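K.L.:
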Amino acid sequence: MYTLHKETIVNTTLDQAWDFIRNPANLNKITPEDMAFEIISDLPEEMFEGQLVEYRVKIPMIGTKPWLSELKHIVPQSSFVDEQKIGPYKLWYHYHGIEACAEGVRFIDRVTYEVPFGIIGKWAHALFIRKTLERIFKHREHCFNTLFTPDKAQ
0 MYTLHKETIV
10 NTTLDQAWDF
20 IRNPANLNKI
30 TPEDMAFEII
40 SDLPEEMFEG
50 QLVEYRVKIP
60 MIGTKPWLSE
70 LKHIVPQSSF
80 VDEQKIGPYK
90 LWYHYHGIEA
100 CAEGVRFIDR
110 VTYEVPFGII
120 GKWAHALFIR
130 KTLERIFKHR
140 EHCFNTLFTP
150 DKAQ
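With numbering that gives the first Met the number 0, letter number 9 in the sequence shown gets 8, and the count goes up by one each step, no holes.
Right, here's the structure in full:
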């Protein structure tokens, strides 16, 4: 099992940050284009406890795969979890948090995940899965800083 922890500080308010992350459709805005990310589910403007979100995502060396996540443990203005129910990982549990800080808002991502395929999965993780995840979260950091510049704040 692996853990990825990232924190991004953005010059915005807690209200603006929550308004953005509570809308599941905004995941499109912070996902790299080369992942061919496509939400399949009809989505409300605001997530709710137990909501299922179905999407497709392109995975390097594998191709496009379905993914189904359940949104849970929602604490308004603070955090939520998306947990993979169907998808490419053996386990995917992603905690999303936001908290006020002196510079604005700290976005916290803590992903606990396990790759399938035993030793082959471990090799794949060492060779490209970890690097791909790092790249995705680096892209998100860039997007958050772009989306929440003072002239573009939600």
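By construction, the Cβ of each residue, glycine as well, lies at the ideal position given by its N, Cα and C atoms.
The structure displayed is predicted, hence computed values, not measured ones.
Just to confirm my understanding: we take Lys5, look at its own chain, exclude 5 residues before and 5 after, and list those with CB closer than 6 Å. What are they?
P.N.:
Closer than 6 Å at the Cβ level, and outside the excluded window around Lys5, lie Asp108, Phe136.
K.L.:
Note down the Cα distance separating Ile29 from Phe143, rounded to an integer number of angstroms.
P.N.:
Using only the alpha carbons, I get a separation of about 7 Å.
K.L.:
Using C-beta distances below 8 Å, list every residue in its chain close to Leu90, excluding the 5 sequence neighbours before and after it, in chain order.
P.N.:
So the qualifying residues of the chain are Met0, Gln83, Thr111, Tyr112, Glu113.
K.L.:
For a test of the three-state rule: what should DSSP assign to Thr7, helix, strand or coil?
P.N.:
In this structure, Thr7 counts as strand in the three-state DSSP scheme.
K.L.:
Could you give the distance in angstroms between the alpha-carbon of Tyr92 and the alpha-carbon of Pro65?
P.N.:
Between Tyr92 and Pro65, the C-alpha separation is close to 16 Å.
K.L.:
Is the beta carbon of Phe19 closer than 9 Å to that of Leu146?
P.N.:
Yes; because the gap between Cβ atoms is below 9 Å, this pair is in contact.
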